[in-house]
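Colleague: Before we start, here is the structure in question, set down as structure tokens.
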């Protein structure tokens, strides 16, 4: 049905818009456009369609997969008839023939997929909705103008966060590779981005799971008739401990400390036994056991791949919503709840004129949706080729933003109740930020509700499930990236690699388990990941839109979904989203945060250390660029051109045929 490649007829001819045949190899005409055949499932062309048989879906001539390779990347004579439609066939190009092309085909055929579409959606939602939605968004919202903050937040989501979210899902689904090897198919010189992402994910795993260890400690401590952070009669309490919820008339003074705060700082963290980052103290064995159990749960949830983790997220992604609804109803019935809601949503329109409000809005939506961690690439790579990732991006990002908004009501109804009990303004009660908002303020409010033990158990269970599926996702980003890059080493040893990875993450977390570990967590959270991941995603957006080409990327989307992204998406990917990322990055670097935790002010040298940790991941990008240019033969111009040109074809499922596209 097709002309043999070695046919003597017009061997050297190459017409515009067609493929060339030189020395028995297929060479794609640069002007040959990527296009979609109307009938995507047509395998055997009718006589009238045989003229179309030479160009199927992606501009390459159809050649049976039985074409033998001689191991040197050259195609031998192709003779014989076409196989049955039920067999898997490929088109073969000079870039993928040989051992590399065979390895690619083997990887594609062996690649697992999600059991159900809902597994993928729950996994992405579970990844995007994490602990930050519960504590970071409510705090940033009331700090930056209450209800007025929703305006810059929505604008930044529409023009920055969601387009980047959609872009990563589409890239992962089309190329079906992790964060490292995918760059061979996009722009090889940017492959260092993949290594930087893996290092960032390891940094996140080293401190994020420690926060879950704190929640696990609280969960275990909640299985008592009287919660231990309700009284001032415990061994860890000091003379300043003041329980204003007691029946006695107790006045709240400037030096008063609640029993919940002393339980958190002196019993769980034991920060009083550390003098700061230059003297962290010993390791807390209680927190070490909690973290060991968490990593054990993580290992057995992800060791077999998305087939198992896709089932676990049915619990970890849905359970938090049940608990949020229960806590929302309970909070709304508390005395003084209206004060918290009013403080949360009362708009301060003057705040919109401040630059930092827009920076906070951009940073919040970016870190909430989570592009740049390799997770969306990894999860989408296990989708079926024609899955509607456009719809997925809109649904999951909307659910994430709504969850953040609703979480604000859950938190601030309780803060209003606390203000009512203390006879203070809500702003005084809400001064705690970050984890302290959950482990001190909210924990104290729960302890003084009826059925406090029940509410404490379900609340800290919710925190655990919120954190677990985000950990699954972060580690899966690393696992998929490494396994796709080194399939000959790890493809059949996934369980062993996952075990080694969890052990490395556990050992890397030991510094956060010390008595001064909370100071380390704060440092990593602010410096190790923030500016680094912003830089990574900025370069990723530039590489895709400007080097790979926005037209090529939109054609890829059309092959998957059957329609081309509109001008809005194109403008966002080419200009608005990169500017959005550059704006946030420059704002952060020009005005680094002054860190303070409890009564400890971070010294100046810790800022330098923080930037060094962040740079240690981003430095992979220029190092790999230099390495790539050195090993590529030719003149400098030739090296650059080769380094920005995709070197590996992408296998495209086409009915029962798999096609190559560059």
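In the UniProt record's numbering, the protein residues as written are 1 to 662. All C-beta atoms in this analysis are idealised placements derived from N, C-alpha and C, irrespective of residue type, glycine included. Computed from a predicted structure; not experimentally measured.
1. Assuming residue 201 and residue 477 form a contact by the criterion Cβ under 8 Å, report the distance between their Cβ atoms to the nearest whole angstrom.
2. Which word fits residue 136, buried or exposed, when buried means at least 16 other C-beta atoms lie within 10 angstroms of its C-beta?
3. How would you call residue 134, buried or exposed, if buried means at least 16 neighbouring beta carbons within 10 angstroms?
4. Suppose only complete runs of 3+ residues qualify. What are the beta strand (DSSP E) ranges in the segment 97-176, listed by chain order?
5. Ignore the nearest five residues each way along the sequence and tell me which others in residue 628's own chain have a CB closer than 6 Å to its CB.
6. Locate the alpha helix (DSSP H) running through residue 390, then write down its first and last residues.
7. Are the beta-carbon atoms of residue 621 and residue 539 separated by less than 8 Å?
8. Just tell me which of 111, 233, 172 and 427 has its CA closest to the CA of residue 140.
9. With respect to the alpha helix (DSSP H) encompassing residue 311, which residues constitute its N-terminal and C-terminal limits?
10. When you compare only the Cα positions, how much space is there between residue 291 and residue 212?
11. Whose C-alpha, out of 286, 363 and 243, is nearest the C-alpha of residue 216?
12. What residues in its chain sit with their C-beta under 6 Å from that of residue 180, if we drop five residues either side in the sequence?
13. Can you tell me where the alpha helix (DSSP H) holding residue 522 begins and where it ends?
14. I need the straight-line Cα distance from residue 386 to residue 545, nearest angstrom please.
15. Could you pull out every residue in the same chain whose Cβ sits closer than 7 Å to the Cβ of residue 144, ignoring the five residues on either side in sequence?
16. For residue 185, count neighbouring C-beta atoms within 10 Å of its own C-beta (all shown protein chains included) and say buried if the count is 16 or more, exposed if not.
17. Between the C-alpha atoms of residue 220 and residue 542, what's the straight-line distance to the nearest angstrom?
18. Residue range of the alpha helix (DSSP H) that residue 612 falls in?
19. Using the beta-carbon count (16 or more within 10 Å), is residue 573 buried or exposed?
20. What did DSSP end up calling residue 279 once you bin it into helix, strand or coil?
21. Nearest by alpha-carbon distance to residue 266: which of 515, 575, 172 and 619 is it?
22. Going straight from the alpha carbon of residue 393 to that of residue 598, what length do you get?
23. Answer yes or no: do residue 437 and residue 475 have a C-beta to C-beta separation smaller than 8 Å?
24. Look at the alpha carbon of residue 560 and the alpha carbon of residue 174, and state the distance between them as a whole number of angstroms.
25. For residue 166, which residues in the same chain have their Cβ closer than 6 Å to its Cβ, ignoring the five residues on either side in sequence?
26. Just verifying my parser: in three-state terms, what is the DSSP assignment at residue 596?
27. To the nearest angstrom, how far is the alpha carbon of residue 526 from that of residue 593?
28. Rounded to whole angstroms, what's the CA-CA distance from residue 610 to residue 512? Just pull it up for me.
29. Report the residue from 187, 159 and 156 whose alpha carbon sits nearest the alpha carbon of residue 171.
30. What span of residues does the alpha helix (DSSP H) with residue 469 cover, start to end?
31. What is the DSSP secondary structure of residue 241, reduced to helix, strand or coil?
32. Using a threshold of 8 Å, state whether the C-beta atoms of residue 420 and residue 335 are closer than that.
33. Can you tell me whether residue 370 is buried or exposed? The criterion is at least 16 other CB atoms within 10 Å of its CB, across all chains shown.
34. Can residue 178 and residue 362 be called in contact, C-beta distance under 8 Å?
35. Does DSSP put residue 514 in a helix, in a strand, or in coil?
36. Between which residues of its own chain and residue 510 is the CB-CB distance below 7 Å, once the five residues before and five after are set aside?
Modeller: Straight from the coordinates:
1. Against the chain shown, residue 201 aligns to sequence position 201. Against the chain shown, residue 477 aligns to sequence position 477. Sure, about 5 Å apart at Cβ, within 8 Å.
2. Position 136 of the chain shown, counted from the start, is the residue given in the question as residue 136. With 16 or more other Cβ atoms within 10 Å, it is buried.
3. In the chain shown, counting from the first residue as 1, residue 134 sits at position 134. Residue 134 should be labelled buried.
4. none
5. Taking the first residue of the chain shown as 1, we reach residue 628 at position 628. So the qualifying residues of the chain are 189 and 643.
6. Walking along the chain shown from the start, residue 390 turns up at place 390. Looking at the DSSP string, the run of the alpha helix (DSSP H) that includes residue 390 is 389-422.
7. Here residue 621 corresponds to residue number 621 of the chain shown, with the count starting at 1. Here residue 539 corresponds to residue number 539 of the chain shown, with the count starting at 1. Against a cut-off of 8 Å, the Cβ pair of residue 539 and residue 621 comes out as a contact.
8. In the chain shown, the residue the question calls residue 140 occupies position 140. Looking at the Cα atoms, 427 is the closest of the given residues.
9. Position 311 of the chain shown, counting from 1, holds the residue named residue 311. Unbroken alpha helix (DSSP H) run through residue 311: 306-316.
10. Residue 291 sits at position 291 when you count from the first residue of the chain shown. Residue 212 sits at position 212 when you count from the first residue of the chain shown. Roughly 8 Å separates the two Cα atoms.
11. Counted from its first residue, the chain shown places residue 216 at position 216. Closest option to residue 216, Cα to Cα, is 286.
12. By one-based count along the chain shown, residue 180 stands at place 180. Same-chain partners within the cutoff: 194, 481 and 485.
13. Residue mapping note: residue 522 aligns to position 522 of the chain shown, counting from 1. Run containing residue 522: 517-523, per the alpha helix (DSSP H) assignment.
14. For this step, residue 386 is matched to residue 386 along the chain shown. For this step, residue 545 is matched to residue 545 along the chain shown. Spanning the two alpha carbons is a distance of roughly 22 Å.
15. To locate residue 144, count along the chain shown from 1; it is residue 144. If we look at residue 144 and ignore the five residues flanking it on each side, its Cβ neighbours are 351, 357 and 360.
16. Here residue 185 is taken as the residue at index 185 of the chain shown, counted from 1. Looking at its Cβ environment, which holds 16 or more other Cβ atoms inside 10 Å, residue 185 is buried.
17. Position 220 of the chain shown, counting from 1, holds the residue named residue 220. Position 542 of the chain shown, counting from 1, holds the residue named residue 542. Going from the Cα of residue 220 to the Cα of residue 542 covers about 47 Å.
18. The residue given as residue 612 occupies position 612 in the chain shown. 604-618 is the extent of the alpha helix (DSSP H) around residue 612.
19. Here residue 573 corresponds to residue number 573 of the chain shown, with the count starting at 1. Residue 573 comes out buried.
20. Counting from 1 along the chain shown, the entry for residue 279 is found at position 279. Three-state result, residue 279: strand.
21. The sequence position of residue 266 within the chain shown is 266, counting from 1. Measuring from the Cα of residue 266, the nearest candidate turns out to be 515.
22. For the purposes of this step, residue 393 is identified with residue 393 of the chain shown, where counting begins at 1. For the purposes of this step, residue 598 is identified with residue 598 of the chain shown, where counting begins at 1. In a straight line, the C-alpha of residue 393 is about 39 Å away from that of residue 598.
23. Numbered from its first residue, the chain shown carries residue 437 at position 437. Numbered from its first residue, the chain shown carries residue 475 at position 475. It is not a contact, given that the beta carbons lie outside the stated cut-off.
24. Stepping through the chain shown from its first residue, residue 560 is reached at position 560. Stepping through the chain shown from its first residue, residue 174 is reached at position 174. In a straight line, the C-alpha of residue 560 is about 7 Å away from that of residue 174.
25. Counting from 1 along the chain shown, the entry for residue 166 is found at position 166. Counting only Cβ-Cβ distances below 6 Å, and skipping sequence neighbours, we find 393.
26. The count along the chain shown starts at 1 and reaches residue 596 at position 596. Strand, per DSSP.
27. Taking the chain shown and counting its residues from 1, one reaches residue 526 at position 526. Taking the chain shown and counting its residues from 1, one reaches residue 593 at position 593. Taking the straight line from one Cα to the other gives about 8 Å.
28. Working through the chain shown from its first residue, we reach residue 610 at position 610. Working through the chain shown from its first residue, we reach residue 512 at position 512. Distance between the alpha carbons of residue 610 and residue 512 is about 15 Å.
29. Locating residue 171 in the chain shown gives position 171, counting from the first residue. It is 187 whose Cα lies nearest to the Cα of residue 171.
30. Locating residue 469 in the chain shown gives position 469, where the first residue counts as 1. Note, residue 469: alpha helix (DSSP H), 452-485.
31. For the purposes of this step, residue 241 is taken as the residue at position 241 of the chain shown. Residue state, collapsed to three classes: strand.
32. As a first step, residue 420 must be located in the chain shown, where it is residue number 420. As a first step, residue 335 must be located in the chain shown, where it is residue number 335. Cβ atoms of residue 420 and residue 335: closer than 8 Å.
33. Here the question's residue 370 lines up with position 370 in the chain shown. Burial call: buried.
34. Numbered from 1 along the chain shown, position 178 holds the residue referred to as residue 178. Numbered from 1 along the chain shown, position 362 holds the residue referred to as residue 362. In this structure, residue 362 does not lie closer than 8 Å to residue 178 by Cβ.
35. Here residue 514 refers to the residue found at position 514 when the chain shown is read from its first residue. The answer is strand: DSSP assigns residue 514 an E or B state.
36. Walking along the chain shown from the start, residue 510 turns up at place 510. Excluding sequence neighbours, residue 510 sits near 283.
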